[in-house]
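Undergrad: Count the sequence shown with this note's numbering and you get residues 58 to 256, in order.
Just dropping this structure here.
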Amino acid sequence: MVIKTAVFKCSSEKISQCPADGKPEIAFIGRSNVGKSSLINMLTGVKGLAKVSGVPGKTRLINHFLIDNKWFLVDLPGYGYAKVSKDKREGFSRLIMDYVVRYEHLFYLFVLVDSRLEPQKIDLEFIRFLGENGIPFGIVFTKTDKLSSDKVASRMALYKRVLKKEWEELPDMFATSSENKAGKEELLCFIDKILEYKE
58 MVIKTAVFKC
68 SSEKISQCPA
78 DGKPEIAFIG
88 RSNVGKSSLI
98 NMLTGVKGLA
108 KVSGVPGKTR
118 LINHFLIDNK
128 WFLVDLPGYG
138 YAKVSKDKRE
148 GFSRLIMDYV
158 VRYEHLFYLF
168 VLVDSRLEPQ
178 KIDLEFIRFL
188 GENGIPFGIV
198 FTKTDKLSSD
208 KVASRMALYK
218 RVLKKEWEEL
228 PDMFATSSEN
238 KAGKEELLCF
248 IDKILEYKE
C-alpha cells in the first residue's frame, strides 16, 4: 500500500461525534509518549499531520485522519499518564473504552509499545482487556532505532514468552522506527491486507 492522501477529518471528545459514514477505522493506541504521532506521520508521509509533543498525555481527543478517501486512521488518547486532574484522566479512560468496545466502525487496533522497555504492566493489562472483549489487534514496537537489531528481536521474543502464558494464539507484531522508517512497508502491507477482508 502507498498512501496518496491523508487529511485531518475531525477531533472528537465522545464517540457520538466520530464520523458516521461507515468507513473502516484502523486505530493506534499506547502509553503516553510512546511515539504514536511520529509513527502516524511516518506511515502517511505527511510531516506534522499528527501533532508531536514532548509532553506526555497531549493527545486528549480521538483524532480521525481520512486516508485515500477510503478508510480512517485514528489517533487515540494515550493511557497511563497525563498531567491532568484525576477526573480528566478517568474521562480519557472512558473515552478510550467507549471507542474500543462500543464503536462499531473500529476495524483493527494497533497497540504501541516502547521497544526499549520490558513488558509494562499497564500495556499487558490493556492487551488482556482487548482479548477479553474480542477486539482484533496487533502490537507495534516503536523506537527500534534506539536498539541493536539483536536487542529488538530479544525484546519481541520476551513479549511473546510473557503473552504465551495467557494466550493460545499471539497477536501480529511489528518492529518500527519513525526515525529511519523501519517497518513502514510491512505495516502498510498488513493494513492493506486486512482491509481487503472488509470489502
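Backbone N, C-alpha and C define an ideal beta-carbon position, used for all residues, glycine too.
No experiment lies behind these values; they were computed from the predicted model shown.
Below 8 Å, can you find three or more Cβ-Cβ pairs linking the stretch 165-178 to the stretch 80-92?
TA: Yes, the stretch 165-178 is in contact with the stretch 80-92.
Undergrad: Out of curiosity, what's the CA-to-CA distance linking residue 79 and residue 229?
TA: Numbered from 1 along the sequence shown, position 22 holds the residue referred to as residue 79. Numbered from 1 along the sequence shown, position 172 holds the residue referred to as residue 229. Taking the straight line joining both Cα atoms gives about 25 Å.
Undergrad: May I ask you to verify whether the stretch 188-200 touches the stretch 97-109, counting CB pairs closer than 8 Å and requiring at least 3?
TA: Contact fails between the stretch 188-200 and the stretch 97-109, because fewer than three Cβ pairs, one in each stretch, are under 8 Å apart.
Undergrad: Taking the alpha-carbon of residue 194 as reference, which of 248, 90 and 174 has the nearest alpha-carbon?
TA: Position 137 of the sequence shown holds residue 194. Looking at the Cα atoms, 248 is the closest of the given residues.
Undergrad: Would you call the stretch 118-129 in contact with the stretch 68-79, where contact means no fewer than 3 C-beta pairs closer than 8 Å?
TA: yes
Undergrad: Indicate the three-state DSSP secondary structure (helix, strand or coil) for residue 117 in the structure shown.
TA: Looking up residue 117 in the sequence shown gives position 60. If DSSP states are grouped into helix, strand and coil, residue 117 belongs with coil.
Undergrad: Would you kindly work out how many angstroms separate the C-alpha atoms of residue 92 and residue 200, rounded to a whole number?
TA: Residue 92 sits at position 35 when you count from the first residue of the sequence shown. Residue 200 sits at position 143 when you count from the first residue of the sequence shown. Rounded to whole angstroms, residue 92 to residue 200 spans 7 Å at the Cα level.
Undergrad: Just verifying my parser: in three-state terms, what is the DSSP assignment at residue 185?
TA: Position 128 of the sequence shown, counting from 1, holds the residue named residue 185. Three-state DSSP puts residue 185 in a helix.
Undergrad: For residue 204, which residues of its own chain have a beta-carbon under 8 Å away from its beta-carbon, when the five flanking residues on both sides are left out?
TA: By 1-based counting over the sequence shown, the position of residue 204 is 147. Excluding residues within five positions, the ones whose Cβ falls inside 8 Å are 172, 173 and 212.
Undergrad: Let me make sure I understand the geometry here. Which of 97, 135 and 70 has the alpha-carbon closest to that of residue 240?
TA: Against the sequence shown, residue 240 aligns to sequence position 183. Among 97, 135 and 70, the Cα nearest to that of residue 240 is on 97.
Undergrad: How should residue 214 be labelled, buried or exposed, when 16 other C-beta atoms within 10 angstroms of its C-beta is the threshold for buried?
TA: Counted from its first residue, the sequence shown places residue 214 at position 157. With fewer than 16 Cβ atoms within 10 Å of its Cβ, residue 214 is classed as exposed.
Undergrad: Where does residue 238 land, buried or exposed, given buried means 16+ other C-beta within 10 angstroms?
TA: Walking along the sequence shown from the start, residue 238 turns up at place 181. Taking a 10 Å sphere around the C-beta of residue 238, we find fewer than 16 other C-beta atoms and assign the residue as exposed.
Undergrad: Suppose the cutoff is 7 Å on Cβ atoms and the five residues either side in sequence are ignored; what does the same chain contact list for residue 261 look like?
TA: There is no way to answer for residue 261, as the model of the chain reaches only from 58 to 256.
Undergrad: Return the first residue and the last residue of the beta strand (DSSP E) that residue 132 is part of.
TA: Counting from 1 along the sequence shown, the entry for residue 132 is found at position 75. 128-132 is the span of the beta strand (DSSP E), which, as asked, contains residue 132.
Undergrad: Starting from the C-beta of residue 245, find all residues in its chain whose C-beta is less than 6 Å away, skip the five residues before and the five after it, and write them out in chain order.
TA: Locating residue 245 in the sequence shown gives position 188, where the first residue counts as 1. Cβ neighbours of residue 245 beyond the five flanking positions: 58.
Undergrad: In the DSSP output, what is residue 67 paired with across the bridge?
TA: Taking the sequence shown and counting its residues from 1, one reaches residue 67 at position 10. Answer is 121, bridged to residue 67.
Undergrad: Can you grab the Cα-Cα spacing for the pair residue 114 / residue 250, in whole Å?
TA: Along the sequence shown, read from residue 1 onward, the residue named residue 114 stands at position 57. Along the sequence shown, read from residue 1 onward, the residue named residue 250 stands at position 193. Caution is warranted here: a pLDDT of 45 is assigned to residue 114, below 50, making its placement in the model unreliable, and no coordinate value can be reported.
Undergrad: List the DSSP bridge partners of residue 83.
TA: The residue given as residue 83 occupies position 26 in the sequence shown. Its beta-bridge partners are 130 and 165.
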